[in-house]
Structure formats: C-alpha cells, structure tokens
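If you want the working numbering, it's the 1-based position in the sequence shown plus 343. All C-beta atoms, glycine included, are put in the ideal place defined by N, C-alpha and C. All figures in this text were calculated on a predicted structure; none of them were measured in a lab. Written below as structure tokens is the structure these notes are about.
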Amino acid sequence: DVMFYTGWNGQVTRVTGLRNVYSQEDVSELEVTNILSSAGAAVTGLSVDPNDPNHVVISVGGYGANGAGKVRETFNALGSNVTWNNIWTGNGPNGLGLNFNNIPCYDVVIDANNPSTIVVGTEFGIFVKNGSANWEISNIGMENGPDGVTAPVFDLKQQFRSSHPWSNITNGGAIYAGTHGRGIFVNGIASDVEEEELVAEEATWTVFPNPVVGEELNLPTAGWQGQARVEIFDLTGRRWVNDVINVGGVDRVRTEVRELPSGYYVVRMSQADAVKAAKFVVRR
344 DVMFYTGWNG
354 QVTRVTGLRN
364 VYSQEDVSEL
374 EVTNILSSAG
384 AAVTGLSVDP
394 NDPNHVVISV
404 GGYGANGAGK
414 VRETFNALGS
424 NVTWNNIWTG
434 NGPNGLGLNF
444 NNIPCYDVVI
454 DANNPSTIVV
464 GTEFGIFVKN
474 GSANWEISNI
484 GMENGPDGVT
494 APVFDLKQQF
504 RSSHPWSNIT
514 NGGAIYAGTH
524 GRGIFVNGIA
534 SDVEEEELVA
544 EEATWTVFPN
554 PVVGEELNLP
564 TAGWQGQARV
574 EIFDLTGRRW
584 VNDVINVGGV
594 DRVRTEVREL
604 PSGYYVVRMS
614 QADAVKAAKF
624 VVRR
C-alpha cells in the first residue's frame, strides 16, 4: 500500500494508498507526502525493513562532509512527522586513514534476518553495522585482506524472501553487491572463517539435516577427541551460536538451532589444531 522513492534532488517521498489504485482514474486518490525535504545531496539508496515498514534507512552521496549524515535511519517512516537520525558516525574502522564522514555512500540494505544489521555500499566497498555504534569494513572476497578497501559498490540487493511449500527459494538472506568495474559479488561469512577453509572442508564434512526445519543440527565428529568449539554465523557475520562441547567418543553431536530464522549459515567446529566448516540452510 505504501511506496517510498528518492531522487537527485535530495528528497524522500512517500506514496500511500496504492492498494486502491486499479486504473489511471484512481491515481488522484493517492496521498503523496514529502518525508525529507532535503538531504543536502542526492539520496542514492533507500531500504525498507521487510519486517517493519516504519523502519527505513537512506544513504546520501557526494564527497565532503554532510552535517546531517551520509546514512540516516527512521523508525516512524509511516508517521505524520518523520524523524531521521544520523547513524554514519565515528572515525572509520581499523585505522584505515579514511576521512569517514567524507565517504560517498551509494546504497543501503537493512538485513531481513536482523534489522539491527545495516549494510552500506560506499566508494571504498562495503561497511556493516551490527547493532552497535561502530561500523566495520566488510570486503572479504572483494579484496585480498579483510580490512582493505576495494572498488565502489553502487548497488546492494538482498533476497529477503524465504522458502515456502509453494516456492523454492534457495538464496534466502543473500546480499548481492554491484561494483564499479569488478562485477557482482554475493556475500559470504564476514568473520575469520577463510574462504579456502570452507571450500576444502565442505567436501569432507557433511552436516545434517540440510536444510534444517527442526530444532537441531547434527555435526559428525569421527576422529575428534576432547572438547571443541562450535560456532554458527549468518551471512552478515553475526555469530548466533558459540558453545564448547565434548566431541570425544561419539560419532556425532547435536547443536540447537531453534533460534535461527530462515536463511543461509556457516557452522564451524574447531580445536587448537583442527577445524571443520560447512554451509547449511534453515527453513521455517
């Protein structure tokens, strides 16, 4: 029933009443409201929380500082007096020497599985905010090191729909990044689980059931002794599970996944001198 749109004029506009529009004659019944009169530069991206239409985040382009912020968030986008808050704050992550407030921002996504996670495409790649006041650079897979800058990311899209009996969504939660000159990337795990480890281990470590529709995931433990750490990450890098369990003398262990929403995950089991990792899917 509601649509938001932006433009180079720096405005954000809300259109209400779309469910009642069936022909050109009905257009006059639409309510068109300007909910941001001027962002100070072009509004380059807008993301609506799939779980809460009042929660909207915008990105603002342009070099140079913007007093109201390059990334702004509101929790009353459907209200009569919409309030925007600057969440693009700080000195920049990891001592990169970037003038954080001067970075052009090109697009934004509110993670459908965790609305406190905000993903922003910028002139220097992707920055992620995981529910804290701090932003972290997240260019693993697009750059040789986890903290390096990369090509501009102009477009971000997330598959926010999940699989149902009448559909076959296999990439739920995946975020795609369109870059300048380097093609399109799909996100992997933004943690210290290296891509090489995942590729090598997936062939020899099969967790089950996969997809998971119940409350437990089985992890094979043949050849393991003592205790091991079990971690589960979603594809934004958020860690959902962090347990130490006894893996000796059994052929498998179970870990609870009842709190995990639908989406793609990576499970890692590690000891001081060994690590196993595998991808799995949760369907609710």
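Please classify M346: is it buried, with 16 or more other beta-carbons within 10 angstroms of its beta-carbon, or exposed?
The residue labelled residue 346 in the question sits at position 3 within the sequence shown. Exposed is the label assigned to M346, since fewer than 16 other Cβ atoms lie within 10 Å of its Cβ.
Using three-state DSSP, classify L603 as helix, strand or coil.
Mapped onto the sequence shown, residue 603 falls at position 260. DSSP places L603 in coil when its eight states are reduced to three.
How would you write the range of the beta strand (DSSP E) that V573 sits in, first residue to last?
Against the sequence shown, residue 573 aligns to sequence position 230. Residues 570-577.
Secondary structure at D454, three-state DSSP: helix, strand or coil?
Position 111 of the sequence shown, counting from 1, holds the residue named residue 454. DSSP places D454 outside both helix and strand once states are collapsed to three, so it counts as coil.
According to the neighbour-count rule (16 or more other Cβ atoms, all chains shown, within 10 Å of its Cβ), is L373 buried or exposed?
Position 30 of the sequence shown, counting from 1, holds the residue named residue 373. With fewer than 16 other Cβ atoms inside 10 Å of its own Cβ, L373 counts as exposed.
C-alpha gap between A533 and I480, whole angstroms
As a position in the sequence shown, residue 533 is number 190, starting the count at 1. As a position in the sequence shown, residue 480 is number 137, starting the count at 1. Low confidence applies here, because A533 scores a pLDDT of 37, under 50, leaving its location unreliable; read the following figure in that light. Rounded to whole angstroms, the gap between the alpha carbons of A533 and I480 is 10 Å.
Do you know whose CA, among T387, T359, I378, lies nearest S371's CA?
Within the sequence shown, numbered from 1, the residue matching residue 371 stands at position 28. Comparing Cα-Cα distances from S371 to each of T387, T359, I378, the minimum goes to T359.
Residues near R572 by beta carbon distance below 6 Å, same chain, minus five either side
Stepping through the sequence shown from its first residue, residue 572 is reached at position 229. Only residues of its own chain outside the window of five on either side were considered, and among them V587, S613 have a CB closer than 6 Å to the CB of R572, listed in chain order.
For N363 and D395, I'd like the C-alpha separation in whole angstroms.
The residue you call residue 363 lines up with position 20 of the sequence shown. The residue you call residue 395 lines up with position 52 of the sequence shown. Going from the Cα of N363 to the Cα of D395 covers about 21 Å.
Under 7 Å, do I483 and Q501 count as touching if we go by C-beta distance?
Residue 483 sits at position 140 when you count from the first residue of the sequence shown. Residue 501 sits at position 158 when you count from the first residue of the sequence shown. Taking 7 Å as the cut-off, the Cβ atoms of I483 and Q501 do not count as close.
Can you give me the C-alpha to C-alpha distance between E416 and D392, rounded to a whole angstrom?
Within the sequence shown, residue 416 is the residue found at index 73, counting from 1. Within the sequence shown, residue 392 is the residue found at index 49, counting from 1. E416 and D392: Cα-Cα distance of roughly 11 Å.
Are the region 602-621 and the region 570-584 in contact at 8 Å, needing three or more beta carbon pairs?
By the Cβ test, the region 602-621 is in contact with the region 570-584, since at least three Cβ pairs between them sit closer than 8 Å.
Buried or exposed (CB count within 10 angstroms, at least 16 for buried), N352:
Locating residue 352 in the sequence shown gives position 9, where the first residue counts as 1. When all chains shown are included, N352 counts as exposed.
Assigned exposure category for R582 - 16 Cβ within 10 Å defines buried:
The residue you call residue 582 lines up with position 239 of the sequence shown. It is exposed - the Cβ of R582 has fewer than 16 other Cβ atoms within 10 Å.
Run the proximity test for F576: is its beta-carbon closer than 6 Å to any non-hydrogen atom belonging to the ligand COA?
With respect to small molecules bound, the structure shown includes none, and the ligand COA cannot be examined in it.
Using the rule of at least 16 other Cβ atoms within 10 Å of the residue's Cβ for burial, across every protein chain shown, is P552 buried or exposed?
Taking the first residue of the sequence shown as 1, we reach residue 552 at position 209. Sixteen is the threshold: since fewer than 16 other Cβ atoms of the shown chains lie within 10 Å of the Cβ of P552, the residue is exposed.
Which residue comes first and which comes last in the beta strand (DSSP E) that contains R415?
Translated into the one-based positions of the sequence shown, residue 415 becomes position 72. It spans 414-417 - the beta strand (DSSP E) in which R415 sits, taken as one unbroken run.
Starting from the Cα of A494, find the closest Cα among A615, F503, I527 and give me that residue.
Sequence index remark: in the sequence shown, residue 494 carries index 151 (1-based). The shortest Cα separation from A494 among A615, F503, I527 belongs to I527.
Residue nearest to R525 in terms of C-alpha spacing, selected from G468, N561, W548, T513:
As a position in the sequence shown, residue 525 is number 182, starting the count at 1. Among G468, N561, W548, T513, the Cα nearest to that of R525 is on G468.
Bridge partner(s) assigned by DSSP for I527:
Stepping through the sequence shown from its first residue, residue 527 is reached at position 184. The partner list for I527 (beta bridge, DSSP) reads G521.
Entirely enclosed beta strand (DSSP E) segments - the region 367-425, minimum 3 residues
Runs found: 374-379, 386-392, 395-403, 414-417.
Distance, V555 Cα to T460 Cα
Here the question's residue 460 lines up with position 117 in the sequence shown. Here the question's residue 555 lines up with position 212 in the sequence shown. Rounded to whole angstroms, T460 and V555 show a C-alpha spacing of 23 Å.
Chain-order list of residues whose beta-carbon lies under 6 Å from that of A565 (same chain, five-residue window excluded):
As a first step, residue 565 is located in the sequence shown; it is residue number 222 there, counting from the start. Counting only Cβ-Cβ distances below 6 Å, and skipping sequence neighbours, we find D594.
Straight-line Cα distance separating G515 from L560
To locate residue 560, count along the sequence shown from 1; it is residue 217. To locate residue 515, count along the sequence shown from 1; it is residue 172. Distance between the alpha carbons of L560 and G515 is about 19 Å.
Bridge partner(s) assigned by DSSP for L499:
As a position in the sequence shown, residue 499 is number 156, starting the count at 1. According to DSSP, which records beta bridges pairwise, L499 is partnered with A520.
Relative to the C-alpha of N585, which candidate in V610, V624, I453, L562 has its C-alpha closest?
On the sequence shown, position 242 is the one that residue 585 refers to. Of the candidates V610, V624, I453, L562, the one whose C-alpha sits nearest the C-alpha of N585 is V610.
Spatial distance of N428 from G591 (CA atoms)
Within the sequence shown, numbered from 1, the residue matching residue 428 stands at position 85. Within the sequence shown, numbered from 1, the residue matching residue 591 stands at position 248. Cα to Cα, N428 sits roughly 51 Å from G591.
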